[in-house]
Every structure is written in structure tokens, then in C-alpha cells.
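**Student:**
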Amino acid sequence: MKITFHGAAGTTTGSQHLIEINGQRILLDCGLYQGHREEAYDRNKNFHFNPAGLTAVVLSHAHIDHSGNLPNLTRQGYRGNIYATPATRDLCQVMLADSAKIQTADVEYANKKRARKGEPLYTPLYTPIDAEKCLRQFVTFDYHRPMYIGEGVQLTFIDAGHILGSAQVILDLHDLETGEKQRLLFSGDVGRGHNDLLRDPENATDIDTIIMESTYGGREHEMDTDSREHLCNILSAALKNRGKVLIPSFAVERTQQILFAIHQLIETGCIANVPVYVDSPLAVSATEIFRLHPEGFNDSVYQFLFDKRDPFGFEGLQLIRSAMESKELNGMEGPFIIISASGMCEAGRIVHHLKNNLPDPRTTVLFVGYCAENTLGWKLREGHQTVTIFGDPIMVRAKIEILDSFSGHADHSELMEYFHRITGPKKSVHLVHGEPLRSLALQAALQEEYPDKSITIAQRGQSV
Ligand SMILES: [Zn+2]
Ligand SMILES: [Zn+2]
314 MKITFHGAAG TTTGSQHLIE INGQRILLDC GLYQGHREEA YDRNKNFHFN PAGLTAVVLS
374 HAHIDHSGNL PNLTRQGYRG NIYATPATRD LCQVMLADSA KIQTADVEYA NKKRARKGEP
434 LYTPLYTPID AEKCLRQFVT FDYHRPMYIG EGVQLTFIDA GHILGSAQVI LDLHDLETGE
494 KQRLLFSGDV GRGHNDLLRD PENATDIDTI IMESTYGGRE HEMDTDSREH LCNILSAALK
554 NRGKVLIPSF AVERTQQILF AIHQLIETGC IANVPVYVDS PLAVSATEIF RLHPEGFNDS
614 VYQFLFDKRD PFGFEGLQLI RSAMESKELN GMEGPFIIIS ASGMCEAGRI VHHLKNNLPD
674 PRTTVLFVGY CAENTLGWKL REGHQTVTIF GDPIMVRAKI EILDSFSGHA DHSELMEYFH
734 RITGPKKSVH LVHGEPLRSL ALQAALQEEY PDKSITIAQR GQSV
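Read in order, the letters of the sequence shown correspond to residues 314 to 777 in our numbering.
Okay, here's the thing in C-alpha cells:
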């Protein structure tokens, strides 16, 4: 058996790992590498293997850094099955279509500049039609349903507790030439546990080889003993004086987590029954998909659904798709809550709402997720007094609040715990999906506790 790490090695995006056994080639994840435009374009465009020569593709979850290059793979000749859980497939339907739109718009923008300089023009990585065609190759089955996907290769998904449908991938591999058998675990992205919506990450058993994520190696999430109470205090203070609350949020998972939390706060009387607008077409589509997958949730949400109640719907909630309705929110008086993408405030409708409402001291902006350095969201979190939006300087008189307890990724201690709970020889461990310093920190901690095991950091292009 041979593993080659083609992406999310030395970085967190572009997850792609190739397994070779019995003359077959199985690709784990086909994620989009996200970085500087030109480097990212070349890296995503050109695979280091022949797409048509793959036997099977296995997808851990729907996030674009794991699924976002699939339409390019099928466009370049891959015709086989893409194995995923049912919820992952449904989320991919809306997320890949959205990604295709972004790819196309990005290329148009870059080409304007390239045309002026007389440089050759880019073609989009893939179009919405490629994204739709790629979905026809999905084959779905739920957690704990072992399936043969090749000669001597059996696949089982177990829950990763990271986003709806997210899976850890277990491959039972039987080398037909040597007779050797082994069990490989690919962690995908690992959740924190104790999630409002999802089950805890499951424990894999009898594992020989592990490909494991290391996003938060050496980093601990802030302790937040009662995030629900914290959220209640922030919202009730903000909604006094007819204030508006803007919540920049990732469209998938975070938006639904926030909706469920607000629903419960209204039910228990913690906050008034004010209008709540979800203003993002992708978030609206994702929320509809969440309602269709009771099998993906923890017991409390499952019970909610079986009592014929909608965790992501309540009186006062309005889902907004059209740009017209979004614009109408500008002229309306508070109090109300707007949840809108993107989470980092770099694009999407949230940017318009910020431009209109940041100068008003009655406004509260509540951050519930990570913002990369130098994004608009990061500047607001850092407390900048003036920000530039669409070329105009905007005064920040709004109140900025931060609630960081909603992370979808296990932190250092939680990753260590996750590793402890895996049973079996765990002879070799390859760390992926981490910036170099994060992977190094996790490697050092694991090696100290397990001196007899081989724990290495995967390098891009490296085969083991
Ligand atoms: Zn993820
Ligand atoms: Zn990821």
C-alpha cells in the first residue's frame, strides 16, 4: 500500500490524499487549495495524477477545502464513483454550485487585468454545469455501512462531529499479493464534541495507520462555560433601544447553529421574539438541507425534529433569497437580527449591511467565527475606528461583540483526546491539514506520549 499526499500537507486547504493498492488508485478528498490567486489557480488546475486513471474517490465532508476541486476532476476525465454520506452529497449540491459561481466571477475579474497586460487569459476551473454533472457521480451511504469499493478495499464512514454529514473514513485494505491486511483511518476534520447540533466524533477501532488533521495543534480554544447565556446577554442588550444586530456567519453549519441557539433563547423567554432575517441564498439553501437530515444530528435536535418542531424555524424568522428584499432591510427600523454571509465580511450581503449600519451607535455586530488576518471582519474584531468599504471610509460607531465558542474544529487537547480514544496498534501516524507550526506542536505532544510510534508530518508530493 502506498499513500501520496497531494494537498492539505503543510497547509490547511486543498485536501487530497492518494491511496494505491492492488493496482488501484483511490483518492481521499478532492479539495480546493485556497491562497494567492495565481498560485491557487495553477495548483488547482493541474493534478499530479491522471484523473481518468482513478478507481474511486472518497469524500470526508462537504467543506470546499475537501470537496471544491471535484467538478474539475470530473471535467478532466474522472468517470468513477464519488463516495460520501447522503448529507454531504446534498450540501455539495449547493456548495459546489456556489463555488462554481465564485470561480467564474474570479476569472472574469483576473482576465480584465490580464487582457490589459497582454497576458494569456484564464478559463474558469469549472462552471455551474460542471458542478451539476459531477454530482451525478456521487454514491451515498450512511455511517456504519461497510461497502466494497475496489478489490481488497472496504470503506466505512463513522461520524466526525465537524459539520452535518462529516465523516471519518475507515479503509480495510487487503493486499492480494502479499496477503497483508491493515486498517487505515483518515480523520477528515475532527469536531470538538459537545456540539449543539451534532454528535461527538466517534472512536475508531483496531487502527494500524492514521492520516490525521492538525489544524489547532498547540492551540486551545477559549473556555466559554455558558455560551448560551453569553449569547443571551449580548442579544438582549443589543436589542434594547431598537438596535439592529448583524451576525456575519458562514452559510453552512454556523448559521444553523446560531438559528437553533436563538430559537431556544426565544422559547425560554431569554430574548424577545424579534424578527430574525437570514440574508444569504447559500445559507437559506443549506438550512433547507439541514431539515432533511435528522440522521445527522445529536439526540436533542433529533427529539426536536420528532416532536414535529423545526430547530431552524420559528415565528419571526424570515429567509431571504432575493436581492430586492435584502435591500429593503436597509430602510427598516430595528430591533431585529440579520444573519448573513460571508463570515469574514470579505464578500456577500453582510458587506452592504455593515456599510449602512456601522456608523449607527445603536447597531451591534456579533462575530461568531474565525476571521483571517487583514479581512474586514478581522479589522472590526481588532477594534479599527474607521474601515474602508467599497472604496469609502466608514466610521465604526457600532458595538463589536465576539463569541468564539462555536468552533467546528477540535483544539489541541481535544485532538490529543481523540487520538487516545482510537484503539489498535496505531503504528504510523501522518499529520495533515495544519500550518507547519501547528502540525509540529501536535507531533511533539503525540511523540512524547507515544515514543514507540512513528509520528510524521506529511509533505506535499511525498509518498509513504
Ligand atoms: Zn471542514
Ligand atoms: Zn478542512
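Note that the Cβ used here is the ideal one computed from N, Cα and C, for glycine as well. The structure displayed is predicted, hence computed values, not measured ones.
1) Ignoring anything shorter than 3 residues, give me the beta strand (DSSP E) runs that lie fully in the stretch 694-731, in order along the chain.
2) Residue range of the alpha helix (DSSP H) that residue 749 falls in?
3) Do the CB positions of residue 344 and residue 369 come within less than 8 angstroms of each other?
4) Measure the CB-CB distance between residue 378 and residue 325 and report whether it falls below 8 angstroms.
5) Select from 670, 469, 656, 630 the residue whose C-alpha is nearest the C-alpha of residue 646.
6) Does ligand 4 have even one heavy atom less than 7 angstroms from the beta-carbon of residue 509?
7) Using 7 angstroms as the cut-off, classify the Cβ of residue 342 as near or not near the heavy atoms of ligand 1, replying yes or no.
8) Report the option in 596, 506, 695, 711 whose CA atom is closest to the CA atom of residue 720.
9) Counting by C-beta, which residues lie closer than 5 angstroms to a heavy atom of ligand 1, in chain order?
10) Bridge partners of residue 578, per DSSP?
11) Could you give the residue range of the alpha helix (DSSP H) that holds residue 315?
12) Considering Cα atoms alone, identify which of 558, 534, 533 is closest to residue 545.
13) Taking Cβ to Cβ, would you say residue 569 is nearer than 8 angstroms to residue 510?
14) Using the beta-carbon count (16 or more within 10 Å), is residue 358 buried or exposed?
15) Taking the alpha carbon of residue 438 as the point to measure from, which residue in 383, 426, 459, 431 has its own alpha carbon closest?
16) Spell out the partners DSSP gives residue 496 in its beta bridges.
17) How about residue 360 and residue 337: do their beta carbons lie closer than 8 angstroms?
18) Rounding to the nearest angstrom, what Cα-Cα distance links residue 425 and residue 416 in this structure?
19) May I ask which residues mark the beginning and end of the alpha helix (DSSP H) holding residue 603?
20) Apart from the five residues just before and just after residue 386, which ones in its own chain have a Cβ nearer than 6 angstroms to its Cβ?
21) Confirm, please, whether the CB-CB distance from residue 750 to residue 527 is below 8 angstroms.
22) Let me check one thing: in DSSP terms, what residues is residue 550 bridge-paired to?
23) Near residue 428, which residues of its chain fall below 8 angstroms by C-beta distance, leaving aside the five closest residues on each side in sequence?
24) Terminal residues of the continuous alpha helix (DSSP H) containing residue 526?
25) Spatial neighbours of residue 606 within its chain, please: C-beta separation below 8 angstroms, excluding the five flanking residues on both sides.
26) From residue 640 to residue 634, what distance separates their C-alpha atoms?
27) Considering only residues of the same chain and omitting the five flanking positions on each side of residue 381, which have a CB-CB separation below 6 angstroms?
28) Taking the beta strand (DSSP E) that residue 685 falls in, what are its first and last residues?
29) With respect to 7 angstroms, is the separation between the Cβ of residue 620 and the closest non-hydrogen atom of ligand 2 below this value?
30) Please list the terminal residues of the continuous beta strand (DSSP E) segment that includes residue 619.
**Tutor:** So, to answer that:
1) The stretch 694-731 contains these whole beta strand (DSSP E) runs: 699-702, 705-708, 712-715.
2) Its alpha helix (DSSP H) spans residues 749-762.
3) Not in contact: residue 344 and residue 369 (Cβ atoms no closer than 8 angstroms).
4) Inclusion of residue 378 and residue 325 in the CB contact set at 8 angstroms is warranted, their separation being smaller than that value.
5) Nearest of 670, 469, 656, 630 to residue 646, Cα basis: 670.
6) By its list of ligands, the structure shown excludes ligand 4, since it contains just ligand 1 and ligand 2.
7) Because no heavy atom of ligand 1 lies under 7 angstroms away, the Cβ of residue 342 does not count as near it: no.
8) Per the Cα distances, 506.
9) In chain order, the residues with a C-beta atom nearer than 5 angstroms to some heavy atom of ligand 1 are 376, 502.
10) Here residue 578 is not bridged, per DSSP, to any residue.
11) Careful: residue 315 lies outside any alpha helix (DSSP H), inside the beta strand (DSSP E) at 315-320.
12) Among 558, 534, 533, the Cα nearest to that of residue 545 belongs to 558.
13) In this structure, residue 569 sits near residue 510, with a CB-CB distance shorter than 8 angstroms.
14) Result: exposed.
15) Per the Cα distances, 383.
16) Under DSSP, residue 496 shares a beta bridge with 485.
17) Their beta carbons are not under 8 angstroms apart, which means residue 360 does not touch residue 337 by this criterion.
18) Rounded to whole angstroms, the gap between the alpha carbons of residue 425 and residue 416 is 15 angstroms.
19) Residues 594-604.
20) Within the same chain, residue 386 has close Cβ partners 343, 364.
21) Going by C-beta atoms, residue 527 is not nearer than 8 angstroms to residue 750.
22) Paired residue(s): none; residue 550 is not in a bridge.
23) So the list reads 434, once near-sequence residues are dropped.
24) Premise fails: residue 526 lies in the beta strand (DSSP E), 522-526, not in any alpha helix (DSSP H).
25) The beta carbon of residue 606 is closer than 8 angstroms to those of 399, 400, 403, 477, 478 in its chain, skipping five residues each way along the sequence.
26) Their backbone Cα atoms lie some 11 angstroms apart in a straight line.
27) The beta carbon of residue 381 sits closer than 6 angstroms to those of 344, 345, 412, all from its chain and outside the five residues before and after it, given in chain order.
28) Under the DSSP assignment, residue 685 falls outside any beta strand (DSSP E); it carries neither an H nor an E label.
29) False, no ligand heavy atom lies under 7 angstroms from that Cβ.
30) From DSSP, residue 619 is part of no beta strand (DSSP E) but of the alpha helix (DSSP H) over 612-619.
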